[in-house]
Amino acid sequence: MDLRFLNGALQKLCNSRAALVKQWGAATASVVAQRLHELDAMDCLGDVGDLSYVRITVADGGDQLHVGDTDGVVVILVPDGVTATEEAETWRECTAAMISDVIINNEHGR
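The sequence shown maps to residues 47 to 156 in this note's numbering.
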């Protein structure tokens, strides 16, 4: 996946282990980092379905995908060039997205 960030602050947070630990503690930082690495390693958004512990929810009128897990980590993605409410295959085949937020039990990472 080609991942971008909504803003520089979110990019700085997500690309720094020390910043993630300061924001959420070591255990949650590890989960956030793992989730971001998994997303980065995928070929397309449809590959998220291969992770049994992750659920995708269409949100914000269909413009966002919430990639959540049982640890309370939610990565909010905006797929490039499509809305999530379009045919499922359309957003599933998307190879680029913007990370607009990371939420931990309703704490925003922006």
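No residue lacks a Cβ here, since even glycine has one placed at the ideal position from N, Cα and C. All values derive from a computational prediction rather than experimental measurement.
DSSP state of residue i mapped onto helix, strand, coil
| i | result |
| --- | --- |
| residue 103 | strand |
| residue 111 | strand |
| residue 49 | strand |
Among the options, the one whose alpha carbon lies nearest that of residue i
| i | options | result |
| --- | --- | --- |
| residue 99 | 73, 151, 137 and 114 | 114 |
| residue 124 | 73, 61, 110 and 141 | 110 |
| residue 149 | 122, 143 and 127 | 122 |
| residue 97 | 81, 70, 106 and 108 | 81 |
| residue 107 | 73, 88, 128 and 95 | 128 |
| residue 147 | 47, 56, 48 and 49 | 56 |
| residue 157 | 77, 103, 93 and 86 | Shown here, the chain extends from 47 to 156; a query on residue 157 therefore has no answer. |
| residue 138 | 101, 112, 53 and 94 | 94 |
| residue 49 | 72, 88 and 70 | 88 |
| residue 136 | 92, 103 and 116 | 92 |
CB-CB length for residue i against residue j, believed under 8 Å
| i | j | result |
| --- | --- | --- |
| residue 60 | residue 140 | The Cβ separation is near 19 Å, so there is no contact. |
| residue 119 | residue 77 | 5 Å |
| residue 126 | residue 105 | Going by Cβ atoms, the distance from residue 126 to residue 105 rounds to 17 Å, so no, they are not a contact pair. |
| residue 64 | residue 58 | Wrong, their Cβ atoms sit about 11 Å apart, outside the cutoff. |
message: Suppose only complete runs of 4+ residues qualify. What are the alpha helix (DSSP H) ranges in the region 64–103, listed by chain order?
response: 72–87
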